[in-house]
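Colleague:
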Amino acid sequence: MNGFIKLPTILTLIRLIISPIMLPILLVYFLPLNQLWINSILAALFLLFSLTDFFDGYLARKYRQVTALGRVLDPIADKCLTYSVLIALLAIHKIFFVWVIILIGRDFFMMGLRQVALEHNFRVPVSLLGKIKTVVQLSFLAMLILNPYHSLQDNVLAGWIADFWRAPRWMVIEGVLLTATITFAFLSMRGYYRSFIEQFLQHQASGEKIPEKDDLEV
10 MNGFIKLPTI
20 LTLIRLIISP
30 IMLPILLVYF
40 LPLNQLWINS
50 ILAALFLLFS
60 LTDFFDGYLA
70 RKYRQVTALG
80 RVLDPIADKC
90 LTYSVLIALL
100 AIHKIFFVWV
110 IILIGRDFFM
120 MGLRQVALEH
130 NFRVPVSLLG
140 KIKTVVQLSF
150 LAMLILNPYH
160 SLQDNVLAGW
170 IADFWRAPRW
180 MVIEGVLLTA
190 TITFAFLSMR
200 GYYRSFIEQF
210 LQHQASGEKI
220 PEKDDLEV
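Numbering (the working numbering), first residue to last: 10 to 227.
So this is what it looks like as structure tokens:
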């Protein structure tokens, strides 16, 4: 058990330091080659780095290595990985900038709610929709990386339409995952906002400290 003392922190640091630097560089340089085997390796790397979020939390809880530092670094590492991949895909015209703005803007809105909640001594509990959104978003980004049929035009929407006629199955799957990601992003945000308002009003009415719940998962 002692061998796992530092492992959760190591996994978090890998996600925080290495993956947001190494993975975007690999994406920018190798995805434009549009080779399925290269894209498959990059998608697998992305999923591997993403899964460290599950394993560091699991190991920390199992071996009672949950620390204040880990609680702070874990959500930061998640965001660094996700945002760096989104920006890399945007740079090579694999994703429309509007979707990037929506996804990152939604997260900033959620972080604002979380900060206000902490200042008033309560936390918004994790929701099922929030967990589903995380899984669907990871699947969407992995599909974007995997898909070798993007023409990578400056006009992403025009390119997507042209690519649809070349590889309809790939583009349909990608479109479904995009739609699901945006849908669950808004639904989970609405749920968190409602929960925040309910607890905020309860806290204001009672003037008492509400017991802490799970960290907000955005």
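Just so it is clear, CB atoms sit at the ideal spot from N, CA and C, and this is done for glycine as well.
Could you check whether ILE154 and ASN43 sit closer than 7 Å to each other, using their CB atoms as the reference points?
Modeller: For ASN43 and ILE154, no; Cβs fall outside 7 Å.
Colleague: Under 8 Å, with one C-beta from each stretch per pair, do the region 49 to 63 and the region 175 to 192 reach the 3-pair mark?
Modeller: No, they do not touch.
Colleague: Select from ALA126, LEU68 and ALA53 the residue whose C-alpha is nearest the C-alpha of TYR202.
Modeller: Closest option to TYR202, Cα to Cα, is ALA126.
Colleague: Give a yes or no on whether the C-beta atoms belonging to PHE205 and VAL135 are separated by under 7 Å.
Modeller: No, the Cβ-Cβ distance between PHE205 and VAL135 is not below 7 Å.
Colleague: For LEU196, which residues from the same chain have a beta carbon less than 6 Å from its beta carbon, with the 5 sequence-adjacent residues on both sides left out?
Modeller: Contacts found: LEU138.
Colleague: Just how far apart, CA to CA, sit ASP87 and LEU112?
Modeller: Going by the C-alpha atoms only, they are around 14 Å apart.
Colleague: If MET180 sits next to ARG115, beta carbons under 8 Å apart, how far is it from one beta carbon to the other, in whole angstroms?
Modeller: That belief does not hold up - the Cβ atoms of MET180 and ARG115 are roughly 24 Å apart, past 8 Å.
Colleague: Pair every Cβ in the region 206 to 216 with every Cβ in the region 154 to 173, then say whether three or more of these pairs are closer than 8 Å.
Modeller: With the cut-off at 8 Å, the region 206 to 216 and the region 154 to 173 do not touch.
Colleague: Measure the beta-carbon distance from HIS95 to VAL109 and round it to whole angstroms, keeping in mind my assumption that it falls under 8 Å.
Modeller: Inspection of the sequence shows that residue 95 is occupied by Leu rather than by His. Rounded, the Cβ-Cβ distance is 5 Å, consistent with contact.
Colleague: Ignore the nearest five residues each way along the sequence and tell me which others in TRP169's own chain have a CB closer than 7 Å to its CB.
Modeller: Same-chain partners within the cutoff: MET180.
Colleague: From which residue to which residue does the alpha helix (DSSP H) around TYR202 run?
Modeller: Here the alpha helix (DSSP H) through TYR202 covers 177 to 215.
Colleague: What distance in whole Å lies between the Cβ atoms of PRO17 and ALA69, which are believed to be in contact at a cut-off of 8 Å?
Modeller: With 8 Å as the limit, ALA69 and PRO17 qualify as a contact, their Cβ atoms being about 4 Å apart.
Colleague: To the nearest angstrom, report how far apart LEU225 and LEU147 are at their CA atoms.
Modeller: For LEU225, the predicted model reports a pLDDT of 46, less than 50, meaning its position is unreliable and no value from the coordinates is stated.
Colleague: CB-CB under 8 Å to ALA171, same chain, minus the five flanking residues each way: which ones, in chain order?
Modeller: Excluding positions up to five away in sequence, the list reads SER160 and GLN162.
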